[in-house]
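Residue numbers (the numbering used here): 3 to 168.
Shown next, in the form of structure tokens:
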């Protein structure tokens, strides 16, 4: 079993309902994921997105760069239980989604990995701990690009985003 970063775009009314009723939100997440599972849409068109196992590497790189929004773990808690996976889910409200999208768009992945070595990742115990060669830093690029597209589209729609580790 592995830990993966997971996201669901929600309209403001859906966010309000999720905050009031986390059990509804969990069921809603399952419905959205099931609907997109057979033919996953491109990140910009998706309601569900995953950074897969790249979440911790992205967290390390974004924290190192002083990123203004916690796009990996979310910021606002809304459910106390761990039934969502590894810890309770959080969300980013629309203004934070917008800030994240702008900041991601202004931060090229090459900038994030400049000066980072596999030894830095190993020393910081970045999950999933497979940092043997310099080329491994390229491994997370597609998920960073996808996350950028996903949050940019969510921001354009005025959506909030639910975030959790599954």
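Think of the CB as a built atom: it goes at the ideal place given N, C-alpha and C, for glycine as much as any other residue.
### Query
Could you give the distance in angstroms between the alpha-carbon of residue 95 and the alpha-carbon of residue 165?
Walking along the chain shown from the start, residue 95 turns up at place 93. Walking along the chain shown from the start, residue 165 turns up at place 163. Straight across, the Cα-Cα distance linking residue 95 with residue 165 is about 11 Å.
### Query
For residue 11 versus residue 66, is the C-beta distance shorter than 8 Å?
On the chain shown, residue 11 is found 9 positions in, with the first residue counted as 1. On the chain shown, residue 66 is found 64 positions in, with the first residue counted as 1. For residue 11 and residue 66, no; Cβs fall outside 8 Å.
### Message
Given this structure, state the Cα-to-Cα distance separating residue 24 from residue 139, to the nearest angstrom.
### Response
Here residue 24 refers to the residue found at position 22 of the chain shown. Here residue 139 refers to the residue found at position 137 of the chain shown. Cα to Cα, the separation comes out at about 36 Å.
### Message
Could you check whether residue 69 and residue 20 sit closer than 8 Å to each other, using their CB atoms as the reference points?
### Response
Counting from one through the chain shown, the residue named residue 20 turns up at place 18. Counting from one through the chain shown, the residue named residue 69 turns up at place 67. If you check the CB distance, residue 20 and residue 69 do not come in under 8 Å.
### Task
Could you work out which residue in 46, 56 and 33 is closest to residue 130 when comparing CA atoms only?
On the chain shown, position 128 is the one that residue 130 refers to. Ranking the options by Cα distance to residue 130, first place goes to 56.
### Task
May I have the straight-line CA-CA distance separating residue 117 from residue 42, to the nearest angstrom?
The residue you call residue 117 lines up with position 115 of the chain shown. The residue you call residue 42 lines up with position 40 of the chain shown. When rounded, the distance between both Cα atoms is 34 Å.
### Task
Could you tell me if residue 156 is buried or exposed, where buried requires 16 or more neighbouring beta carbons within 10 angstroms of its beta carbon?
As a first step, residue 156 is located in the chain shown; it is residue number 154 there, counting from the start. Per the 10 Å Cβ criterion, buried.
### Query
What are the start and end residues of the beta strand (DSSP E) that includes residue 54?
As a first step, residue 54 must be located in the chain shown, where it is residue number 52. Looking at the DSSP string, the run of the beta strand (DSSP E) that includes residue 54 is 50 to 54.
### Range of the contiguous alpha helix (DSSP H) that encloses residue 26
As a working note, residue 26 is residue 24 in the chain shown. Annotation: the continuous alpha helix (DSSP H) that includes residue 26 extends over 24 to 39.
### Query
Where does residue 117 sit, in a helix, a strand or coil, going by DSSP?
The count along the chain shown starts at 1 and reaches residue 117 at position 115. Of the three classes helix, strand and coil, the one that applies to residue 117 here is coil, per DSSP.
### Message
With three or more C-beta pairs closer than 8 Å as the rule, is the stretch 24 to 40 touching the stretch 120 to 127?
### Response
Contact between the stretch 120 to 127 and the stretch 24 to 40 is absent, because fewer than three Cβ pairs lie under 8 Å.
### Task
Out of 105, 168 and 147, state which residue places its alpha-carbon closest to the alpha-carbon of residue 46.
Working through the chain shown from its first residue, we reach residue 46 at position 44. If we check each option's Cα against that of residue 46, 147 comes out closest.
### Query
Assuming residue 1 and residue 17 make a contact with CB atoms under 8 Å, what is their CB distance in whole Å?
The question about residue 1 has no answer, for the chain in this structure spans 3 to 168.
### Message
Do residue 152 and residue 54 have their beta-carbon atoms positioned less than 8 Å apart in this structure?
### Response
Position 52 of the chain shown holds residue 54. Position 150 of the chain shown holds residue 152. Going by C-beta atoms, residue 54 is not nearer than 8 Å to residue 152.
### Query
Can you name, in chain order, every residue of its own chain whose Cβ lies under 8 Å from the Cβ of residue 114, other than the five neighbours on each side?
Taking the chain shown and counting its residues from 1, one reaches residue 114 at position 112. The beta carbon of residue 114 sits closer than 8 Å to the beta carbons of 63, 64, 66, 67 and 146 from its chain, once the five residues preceding and following it are set aside; these are given in chain order.
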